[in-house]
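Visitor:
Number of protein chains: 2
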Amino acid sequence: MDWLDQVKWDSAGLVPVIAQEQATGDVLMFAWMDREALRKTAELGRAVYFSRSRQRLWFKGEESGHVQQVHEIRLDCDGDVLLLKVTQLGHDPSIACHTGRHSCFFRRQEGGRWVGVEPVLKNPSEIYT
Amino acid sequence: MDWLDQVKWDSAGLVPVIAQEQATGDVLMFAWMDREALRKTAELGRAVYFSRSRQRLWFKGEESGHVQQVHEIRLDCDGDVLLLKVTQLGHDPSIACHTGRHSCFFRRQEGGRWVGVEPVLKNPSEIYT
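Those sequence lines, one after another, are chains A and B. Terminal number for the first sequence in the working numbering: 130, no gaps in between. Terminal number for the second sequence in the working numbering: 130, no gaps in between.
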């Protein structure tokens, strides 16, 4: 059985994907893949997602240069969630978020408020030129 | 504005949630929350998810004893994904997966196959008695 068929794609043909930085363990971002995105990711060794807003393959870094090199692809117990172990390329320190931050998860709940706790490392207007 | 209203709940009133072990950085599992689950999680300092299969609140550990103590709740840039930093209680070494493994992400893609790379730490029949 094809390994791609062992993934339980949802009704839209997608699965959730978590990208984790291999060297630090930091959770960088969350996105989606369709079958073609996963096949390409494995083939190229770089993260290829499916953009739900644009309804097309999204080669992570195609605009920003912030490409993710993929070391491992993991599948969860239910077969319906993927975890990538990546090296986040293109900037040092690494930037995964379109806001210019290291991680997309930069807001922390504190006393009933969401508080930004990670700095912008590069202005998005300089990333997306 | 209520911090719960700043979360972008999907059409089913849910958001995806990633649980990460604070001490190790390991990604343990992926689940969903509704508004009430998130409110309870913050109030109790333990992970409460929404079970889509049972369509009710799921107090993680309610059957297994594998409760998750929650240290941080993070929100992503788009406001539609949560990240919990947790301590996984109930067994040493810690078990988050219903299969008795440390993490749900125990299968790795290797040469076109999914290969299990994490041991069962406790037999599920002994966990769910």
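Quick reminder that beta carbons are idealized off the backbone N, C-alpha and C, glycines included.
Could you tell me whether any Cβ in chain B is nearer than 8 Å to the Cβ of ARG1 of chain A?
Guide: Since the first and last residues shown for chain A are 2 and 130, residue 1 of chain A lies out of range.
Visitor: If you run the structure through DSSP and keep just helix, strand and coil, what is ARG53 of chain B?
Guide: coil
Visitor: Let me know the secondary structure DSSP gives LEU85 of chain B once reduced to three states.
Guide: strand
Visitor: Under 8 Å, CB to CB, which of the residues in the segment 5-37 of chain B have a partner in chain A?
Guide: GLN7, PRO17, ILE19, GLN21, THR25, GLY26, ASP27, VAL28, MET30 and PHE31
Visitor: Among B:VAL28, B:SER12, B:LYS9 and B:GLU22, whose alpha-carbon lies nearest the alpha-carbon of VAL18 of chain A?
Guide: Closest option to VAL18 of chain A, Cα to Cα, is B:VAL28.
Visitor: Find the nearest neighbour of GLN89 of chain B within the set B:GLY14, B:ALA13, B:TRP4 and B:MET30, judged by alpha-carbon distance.
Guide: B:MET30
Visitor: Mind checking the segment 48-78 of chain A against chain B and listing, in chain order, the residues whose C-beta falls within less than 7 Å of any C-beta there?
Guide: GLU73, ILE74, ARG75, LEU76, ASP77 and CYS78
Visitor: Could you tell me whether any Cβ in chain C is nearer than 8 Å to the Cβ of THR88 of chain A?
Guide: Absent from the structure: chain C. Protein chains present are A and B.
Visitor: Any idea if HIS72 of chain A is buried or exposed, counting beta-carbon neighbours within 10 angstroms, 16 or more meaning buried?
Guide: An exposed status is given to HIS72 of chain A, since fewer than 16 other beta-carbon atoms sit within 10 Å of its beta-carbon.
Visitor: Thinking C-alpha only, which one of B:VAL116, B:GLU63, B:LYS9 and B:GLY62 is nearest CYS78 of chain A?
Guide: B:VAL116
Visitor: Identify the contact partners of VAL121 of chain B in chain A, using a Cβ-Cβ distance below 7 Å as the criterion.
Guide: The contacting residues do not exist; VAL121 of chain B stays about 11 Å from chain A at best.
Visitor: Quick check on the burial criterion: 16 or more other C-beta atoms within 10 angstroms. Buried or exposed for LYS86 of chain A?
Guide: buried
Visitor: Of all the options B:SER95, B:GLU127 and B:TRP33, which has the alpha carbon lying nearest to the alpha carbon of HIS67 of chain B?
Guide: B:SER95
Visitor: Can you grab the Cα-Cα spacing for the pair GLU111 of chain B / GLY101 of chain B, in whole Å?
Guide: 23 Å
Visitor: To the nearest angstrom, how far is it from the Cα of LYS123 of chain A to the Cα of ARG108 of chain A?
Guide: 17 Å
Visitor: Could you please give the first and the last residue of the uninterrupted beta strand (DSSP E) stretch that includes ARG75 of chain B?
Guide: 69-76
Visitor: Measure how close the beta-carbons of GLU64 of chain B and TYR129 of chain B come, nearest whole angstrom, since I'm counting them as under 8 Å.
Guide: 6 Å
Visitor: Got a sec, what are the start and stop residues for the alpha helix (DSSP H) GLU127 of chain B sits in?
Guide: Boundaries of the alpha helix (DSSP H) harbouring GLU127 of chain B: 125-128, taken from the DSSP string.
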